[in-house]
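Below you'll find the structure, written out as structure tokens, and then a few comments.
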Amino acid sequence: MKIRHFILPALLCLLTASSAAAQDDVRLTLRPQAIGIGTFYNGTTVTATGRVPADSEAVVRFIGAPSEIHMKQVGKVGGVIWMNQGSVTFEKAPSVCIVSSAVDLKHLEARADAVDDLSLAGLKSSILIDAQGSRDNGIFAEFVKLKKKEGLYREISGNISYAKASNGFKTFRALIPLPSRLKPGVYTVDVSAVRNGQIVARGEGTLDAKLDGLPAFMAPLAFHHSFLYGIFASLIALLAGLGIGIVFQSKGAH
Numbered sequence: 006m007k008i009r010h011f012i013l014p015a016l017l018c019l020l021t022a023s024s025a026a027a028q029d030d031v032r033l034t035l036r037p038q039a040i041g042i043g044t045f046y047n048g049t050t051v052t053a054t055g056r057v058p059a060d061s062e063a064v065v066r067f068i069g070a071p072s073e074i075h076m077k078q079v080g081k082v083g084g085v086i087w088m089n090q091g092s093v094t095f096e097k098a099p100s101v102c103i104v105s106s107a108v109d110l111k112h113l114e115a116r117a118d119a120v121d122d123l124s125l126a127g128l129k130s131s132i133l134i135d136a137q138g139s140r141d142n143g144i145f146a147e148f149v150k151l152k153k154k155e156g157l158y159r160e161i162s163g164n165i166s167y168a169k170a171s172n173g174f175k176t177f178r179a180l181i182p183l184p185s186r187l188k189p190g191v192y193t194v195d196v197s198a199v200r201n202g203q204i205v206a207r208g209e210g211t212l213d214a215k216l217d218g219l220p221a222f223m224a225p226l227a228f229h230h231s232f233l234y235g236i237f238a239s240l241i242a243l244l245a246g247l248g249i250g251i252v253f254q255s256k257g258a259h
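If you read the sequence shown in this note's numbering, its first letter stands for residue 6, the second for the next number, and so on.
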């Protein structure tokens with residue numbers, strides 16, 4: 006009984022130590038940890054720093070919360086007339102997905118399933134597609150193409166740099182460009198350490214995006230005080246029109 010009482014606490018200590026060591030393999034810090042989406046917000050850059058094992062490559066992803074997206078699928082009928090051919094629903098699709106790496110993912114032995122999951126193509130395994138009236142297998146590819154065009158989905162290589170390795174680890178610095186169409190919400194930033202096509206360690210952080218300035222003032226009015234919102238929106242449009250008129254008049258005077 007005494008030996009049993011001794012072994013159990015010892016095993017718990019070993020498990021705790023190994024868990025702490027695994028979590029310590031990857032470190033991640035975000036600067037800034039929160040951003041304001043104001044009147045003149047047109048995208049920004051977030052810096053992610055941390056460390057990964059020296060013999061691995063860091064892959065950093067900026068991901069928005071899963072959402073449900075409804076779209077209409079358009080196609081040619083009889084090869085002549087463009088018409089709606091049905092509706093398509095994408096469930097569990099992240100609002101934003103930006104994948105960053107020091108080198109192209111193809112060079113990380115991306116044939117391995119573990120690395121494939123980090124790419125935009127890997128989203129296919131998590132996004133549920135309900136395509137009514139369609140059997141087109143290219144719907145997911147078209148969805149990703151649309152999101153890329155909107156600037157919400159991106160794969161970037163070369164925006165991660167490393168410092169000299171020390172004590173089995175190397176520090177990294179990733180510059181993550183955020184889109185101008187970013188919505189308020191909490192976003193996840195995760196870093197995966199990839200070695201020989203396999204993920205050997207992971208770390209995660211969050212970034213909070215909030216409305217700031219005039220947008221923060223107008224948003225509650227739009228939902229709870231529509232009359233006041235209409236008045237303020239009209240005033241803003243009037244002032245913007247006057248400002249543009251003044252600018253063009255001043256340019257015409259020269």
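We put the CB at the ideal spot given by N, CA and C, even for glycine.
Just so it is clear, the structure is predicted and the values come from calculations on it, not from any experiment.
Checklist entry - Is Ala214 closer than 7 Å to Ile74 when the C-beta atoms are compared? => result Translated into the one-based positions of the sequence shown, residue 74 becomes position 69. Translated into the one-based positions of the sequence shown, residue 214 becomes position 209. Against a cut-off of 7 Å, the Cβ pair of Ala214 and Ile74 comes out as no contact.
Next on the checklist: Tell me the rounded alpha-carbon separation between Ile251 and Ile68.
Outcome noted: Taking the sequence shown and counting its residues from 1, one reaches residue 251 at position 246. Taking the sequence shown and counting its residues from 1, one reaches residue 68 at position 63. Those two C-alpha atoms are separated by around 42 Å.
Checklist entry - Just the Cα atoms here: how many angstroms apart are Asp60 and Ile204? => result Residue mapping note: residue 60 aligns to position 55 of the sequence shown, counting from 1. Residue mapping note: residue 204 aligns to position 199 of the sequence shown, counting from 1. Near 12 Å, if we compare the C-alpha coordinates of Ile204 and Asp60.
Checklist entry - What is the C-beta distance between Ala100 and Ser72, in whole angstroms, given that I count them as a contact (C-beta under 8 Å)? => result Residue numbering aside, residue 100 sits at position 95 when the sequence shown is read from its first letter. Residue numbering aside, residue 72 sits at position 67 when the sequence shown is read from its first letter. Just to set this straight, residue 100 is Ser in the shown sequence, not Ala. At roughly 5 Å, the Cβ-Cβ gap stays under 8 Å, so Ser100 and Ser72 are in contact.
Checklist entry - In angstroms, rounded to a whole number, what distance separates the CA positions of Ser92 and Met76? => result As a working mapping, residue 92 is identified with position 87 in the sequence shown. As a working mapping, residue 76 is identified with position 71 in the sequence shown. So the alpha carbons of these two residues sit roughly 6 Å apart.
Item to check | Lys97 to Ser131 span [Cα, whole Å] | outcome: By one-based count along the sequence shown, residue 97 stands at place 92. By one-based count along the sequence shown, residue 131 stands at place 126. Taking C-alpha positions only, Lys97 is separated from Ser131 by approximately 7 Å.
Item to check | Whole-angstrom distance between Gly246 and Ile236, CA atom to CA atom | outcome: Position 231 of the sequence shown holds residue 236. Position 241 of the sequence shown holds residue 246. Straight through space, the alpha carbons of Gly246 and Ile236 are spaced by roughly 15 Å.
Checklist entry - Bridge partners of Pro189, per DSSP? => result For this step, residue 189 is matched to residue 184 along the sequence shown. Paired residue(s): none; Pro189 is not in a bridge.
Checklist entry - Opposite Val120 in the DSSP bridges: which residues? => result For the purposes of this step, residue 120 is identified with residue 115 of the sequence shown, where counting begins at 1. Residue pairing by DSSP leaves Val120 without any beta bridge partner.
Checklist entry - According to the neighbour-count rule (16 or more other Cβ atoms, all chains shown, within 10 Å of its Cβ), is Glu62 buried or exposed? => result Along the sequence shown, read from residue 1 onward, the residue named residue 62 stands at position 57. With at least 16 other beta carbons inside 10 angstroms of its own, Glu62 counts as buried.
Checklist entry - Nearest to Ala53 by alpha carbon, out of Tyr46, Pro184 and Asn164? => result Here residue 53 refers to the residue found at position 48 of the sequence shown. Residue Asn164 is the option with its Cα nearest to Ala53.
Item to check | Through-space distance from Lys150 to Gly173, alpha-carbon basis | outcome: Position 168 of the sequence shown, counting from 1, holds the residue named residue 173. Position 145 of the sequence shown, counting from 1, holds the residue named residue 150. Each residue's CA atom was taken as its position, placing Gly173 and Lys150 some 39 Å apart.
Checklist entry - Gly218: buried (16+ other C-beta within 10 angstroms of its C-beta) or exposed? => result Locating residue 218 in the sequence shown gives position 213, where the first residue counts as 1. Around the C-beta of Gly218, fewer than 16 other C-beta atoms lie within 10 Å, and the residue is accordingly described as exposed.
Next on the checklist: I'd like the span of the beta strand (DSSP E) that includes Lys3, first residue to last.
Outcome noted: Residue 3 falls outside the range modelled here, since the chain spans only 6 to 259, and no answer is possible.
Checklist entry - Thr44 bridges to which residues according to DSSP? => result Numbered from 1 along the sequence shown, position 39 holds the residue referred to as residue 44. DSSP, once it has assigned bridges, lists no residue as partnering Thr44.
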